[in-house]
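What follows is a set of notes on a single structure, which appears directly below.
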Ligand SMILES: Nc1ncnc2c1ncn2[C@@H]1O[C@H](COP(=O)(O)OP(=O)(O)OP(=O)(O)O)[C@@H](O)[C@H]1O
């Protein structure tokens, strides 16, 4: 089922068209990739989906509902969570405390409170283990390596139990082994019925975990398809993969 639809999204900053009539979809139960050269408009499109950037034109729909005019916190309450390229954790709090804050916020603001919802401390412990943060749980967030801080961002986003998870370059700073288990985790998250939309420069990871991939170039979607289809596309080769992979 299609959960997210971005339809004909255009964003202009003065004379610069950062995103030009771009459309893409992300389905529940799938990992969808968004790739493209630097400056292609990937982060701007993420910002439009989460409500940080108002589009010049276009529509964002979540489960069929037009959320284009909704504020960021309203979208979060509808099940959208994201991580940022720039790290956003509270530096002086420990890794565990950072996740706990997110779990507490979710508990307070979730639109529908399920009877099975677990206590924030329990949710936190489970996520720390699941994302692989055990060894760092008691360290202040600003003392952990960048890759680990990105996993912390992911744990904080998961504390919101999102239907749609947006990840902006989540694997940068991870070792090869960490990237491998990170990819497995993404597949698991999709297996739980979530829609995962990922911006990533690591092509091996994208090709391994994505069900579908969208390629942005100068703000336009130049290809969408399975990883194999996108990899074989001559336009994509010329614009991106020929130099990046
Ligand atoms: N607030 C802004 N004001 C003016 N121009 C902007 C603004 N934000 C982004 N841009 C421009 O819009 C274009 C798209 O930028 P964006 O950051 O979305 O690309 P990106 O694909 O995420 O790049 P990267 O891979 O380097 O993160 C770029 O030309 C950028 O300079």
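In the numbering used here, the protein residues as written are 67 to 311. Where is the CB? At the ideal position from N, CA and C, for every residue including glycine. From a predicted model like this one, the values you see are computed outputs, not experimental measurements.
query = Going along the chain, which unbroken runs of the alpha helix (DSSP H) with 4 or more residues stay wholly within the segment 80 to 123?
reply = Considered as a whole, the segment 80 to 123 harbours 108 to 116 as its complete alpha helix (DSSP H) runs of no fewer than 4 residues, in chain order.
message = Taking 7 Å as the cut-off, is the C-beta of residue 225 nearer than that to any heavy atom in ligand 1?
response = Incorrect: residue 225 has no Cβ contact closer than 7 Å to ligand 1.
key: DSSP state of residue 154 mapped onto helix, strand, coil   = Three-state result, residue 154: coil.
task = Mind checking who residue 283 pairs with in its DSSP beta bridge?
result = Looking at the DSSP output, residue 283 shares a beta bridge with 286.
key: Cβ neighbours of residue 263 in the same chain (closer than 6 Å, five flanking residues each side left out)   = By the criterion of a C-beta distance shorter than 6 Å, residue 263 is surrounded in its chain by 92, 98, 232, once the five residues flanking it on both sides are discounted.
query = For ligand 1, is there a heavy atom less than 7 Å away from the beta-carbon of residue 106?
reply = The answer is yes for residue 106.
request  = Between the Cα of residue 249 and those of 210, 220, 115, 228, spot the shortest distance and give me the residue it belongs to.
outcome  = For the residues 210, 220, 115, 228, the minimum Cα distance to residue 249 belongs to 220.
key: Other residues of its chain near residue 296: CB distance less than 7 Å, five sequence neighbours each side excluded   = 279, 281, 289, 302, listed in sequence order.
message = Would residue 18 and residue 236 qualify as a contact pair, given that the criterion is a beta-carbon distance under 8 Å?
response = For the chain, the structure presents residues 67 to 311; residue 18 sits outside this window and is missing.
Where the beta strand (DSSP E) containing residue 147 begins and where it ends = Per DSSP, the continuous beta strand (DSSP E) segment holding residue 147 begins and ends at 146 to 148.
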